[in-house]
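Contents: one structure, followed by commentary.
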DNA sequence: GTGTAACTAT
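Residue numbers (UniProt numbering): 1 to 549.
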């Protein structure tokens, strides 16, 4: 068989690629002198990258004498796409020391790689390089920076980069709006959205996906509907990304009817949209519908992906119906979906939540390669079944085999301790999390430790712990303490705590209900009445919907 | 021919 290098590298259609046997192709390429021309080398590197033949790509790159910026960028992108961050970074550093200096696209590529691999420190380093090399106002670099920063929870950095642009283009706007949305600052996202429109910039699909991603709870439903209306107005709703974003937005708002309406308006919903719908039903607790749509999709003969399997397993786990779970497990085994650690973790979780911890542990033992997330699932399972000491053993085991615990590991461990009231062990774990493993506490960790302290009679300690927190305290943490006060019958502390909660968010009535129940338990009916009265007033004074559209 | 987007879970 013989190839024409020019046709080969210009006709980059996927079907064409699959016809080629890579070995033959490689033999041909290494024989051809033209292949080491930087122009062709660049295209061939891309071709190899699509075929996941990074070694061949690297070989060609190393043999090409006069490397252009394009060639450098292609090989760096190839490594970045294959999640080989170390290789991408070292090539980037090497490149920075050559005469062919990185351009704005090189930077944007390595910036994205930093964010995908959660390397904050490297991102800051690259950001510095961007500024030093004079790309600080380049839209290509800056949009990548904004996205990367916000993905790594560095929204202030992202804002700074955006704010430095005198005339942000649409991509820049989209990046920052999406950044705010995904960090949970939905209102900031909307504010920027309207500012952008006032400046005469027209939104596109990316923009609405960005704002929709910030709508994360039922109280924002009316805002979400406004966004949906906007999509209809601009005809974005037939865009697959927009449609999936809307489906999952509605499902986060517990509004599955609207989610289904969006879904059913699509002629050919893709796998992601199906996943969004199924996940939505599962989150809403409608496992019957979740299973029904899973089966519907299955009947169409579509090949599932692992995300869909994970989401349907979560649904069966919550339904605690082991029969469905076994069915899905069978499906996974039959269908030849590559059984990855994500699926295995979900299987372990499903079995343990359905009450068959032993089956979950069997899945765990059968796995050839165990990761931190599979250990996490087992630890959660053991904790759920009250086997805290076994959970702690698993923790020691994962440390011995060299795995690195993460936030979830500690949530699972604290939850396990909490479940059986292992006060001192829990404290120890909580301490090690920060001191030994340098993991930042999140709300859930505080919630567990407060519950653990509170339920084992150390209400004061729990209270002082919360008071010592430097940052603003999430209501969930105070809420945990409040329910402990309730359980221990400590009305004095309950009042103090409830006051804080009500200050924090006066619109939420749940805490007032809790406090009024505590009063009632103590026989303080006057206080109950007073509290109930403020509740109704507040309800009446609720703010009307936003009018930003 | 390189910058921004949808579904995962412990």
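Just so you know, even glycine gets a beta-carbon here, dropped at the ideal spot from N, CA and C.
Original post:
Roughly how many whole angstroms lie between the Cα atoms of residue 433 and residue 319?
Top reply: 32 Å
**OP:** On a CA-only basis, which of 313, 476 and 168 is nearest residue 324? Give me that one, please.
**Re:** Among 313, 476 and 168, the Cα nearest to that of residue 324 is on 313.
**OP:** With residue 486 as the anchor, note down where its alpha helix (DSSP H) starts and where it stops.
**Re:** 475–488
Original post:
Using a Cβ-Cβ cut-off of 7 Å (strictly less than) and excluding sequence neighbours within five positions of residue 545, which residues of its own chain qualify?
Top reply: Legend: pLDDT at residue 545 = 38, less than 50; position of this residue unreliable, value from coordinates given subsequently. Excluding residues within five positions, the ones whose Cβ falls inside 7 Å are 222.
**OP:** Could you tell me whether the stretch 401–415 touches the stretch 358–377, using the rule of 3 or more Cβ pairs below 8 Å?
**Re:** yes
Original post:
Taking C-beta to C-beta, are residue 211 and residue 184 nearer than 8 Å?
Top reply: No. Outside cutoff.
Original post:
Are the CB atoms of residue 259 and residue 251 nearer to each other than 8 Å?
Top reply: yes
Subject >> C-alpha distance - residue 72 paired with residue 83, whole-angstrom precision >> reply: 17 Å
Original post:
Which value, in whole angstroms, describes the spacing of the CA atoms of residue 533 and residue 526?
Top reply: 11 Å
Original post:
How many angstroms separate the CA atom of residue 154 from the CA atom of residue 118?
Top reply: 11 Å
Original post:
What does a CB cutoff of less than 7 Å around residue 132 pick up in its chain, not counting 5 residues either side in sequence?
Top reply: Listed in chain order, the non-local C-beta contacts of residue 132 below 7 Å within the same chain number zero, local neighbours out to five positions each way being set aside.
**OP:** Could you check which residue in 49, 46, 50 and 41 has the C-alpha nearest to that of residue 62?
**Re:** Selected option, being the one with the closest Cα: 41.
Subject >> residue 261 versus residue 371: straight-line alpha-carbon distance, rounded >> reply: 39 Å
**OP:** Look at residue 276 and residue 315 and say whether their C-beta atoms are less than 8 Å apart.
**Re:** no
Original post:
Excluding sequence positions up to five away, which residues of its chain have a Cβ less than 6 Å from the Cβ of residue 218?
Top reply: 253 and 254
Original post:
DSSP three-state call for residue 213: helix, strand or coil?
Top reply: helix
**OP:** Check whether the Cβ atoms of residue 75 and residue 109 sit closer than 8 Å, and answer yes or no.
**Re:** no
**OP:** Please determine, among 322, 294 and 466, the residue with the shortest C-alpha to C-alpha distance to residue 500.
**Re:** The option with the nearest alpha carbon to residue 500 is 466.
Subject >> Distance, residue 339 Cα to residue 333 Cα >> reply: 8 Å
Original post:
Nearest-angstrom Cα distance between residue 135 and residue 352?
Top reply: 52 Å
Subject >> 7 Å CB neighbourhood of residue 437 in its chain, flanking five on each side removed >> reply: 405
Subject >> Close Cβ partners of residue 486 (< 6 Å) along its chain, the five nearest in sequence each way excluded >> reply: 518
**OP:** Would you mind reading off the limits of the alpha helix (DSSP H) that contains residue 188?
**Re:** 186–198
Original post:
Is the distance from the Cβ of residue 505 to the Cβ of residue 475 below 8 Å?
Top reply: yes
Subject >> Length at least 4, wholly inside the stretch 118–175: the alpha helix (DSSP H) runs in chain order >> reply: 120–132, 139–151 and 155–163
**OP:** Can you give me the start and stop residues for the alpha helix (DSSP H) that residue 352 sits inside?
**Re:** From DSSP, the alpha helix (DSSP H) with residue 352 extends over 341–353.
Original post:
To the nearest angstrom, how far is it from the Cα of residue 240 to the Cα of residue 273?
Top reply: 8 Å
Original post:
Taking the alpha carbon of residue 121 as the point to measure from, which residue in 140, 91, 102 and 157 has its own alpha carbon closest?
Top reply: 157
**OP:** Please name the residue in 470, 220 and 170 whose C-alpha comes closest to that of residue 197.
**Re:** When only C-alpha atoms are compared, the closest one is 170.
Subject >> For residue 510, the nearest candidate out of 327, 523 and 478 (CA to CA) >> reply: Nearest option by C-alpha distance: 478.
**OP:** Between the Cα of residue 263 and those of 287, 284, 282 and 293, spot the shortest distance and give me the residue it belongs to.
**Re:** Per the Cα distances, 293.
Original post:
When you compare each of 390, 113 and 514 to residue 149 by their alpha carbons, which one comes out closest?
Top reply: 113
**OP:** Would you decide whether residue 97 is buried or exposed? Buried here means 16 or more other CB atoms lie within 10 Å of its CB.
**Re:** By the Cβ neighbour-count rule, residue 97 is exposed, with fewer than 16 other Cβ atoms within 10 Å of its own.
Subject >> Given residue 46 as reference, the closest of 24, 34, 141 and 79 once Cα atoms are compared >> reply: 79
Original post:
In or out: residue 564 buried (at least 16 other Cβ within 10 Å) or exposed?
Top reply: With the chain covering only 1 through 549, there is no way to say anything about residue 564.
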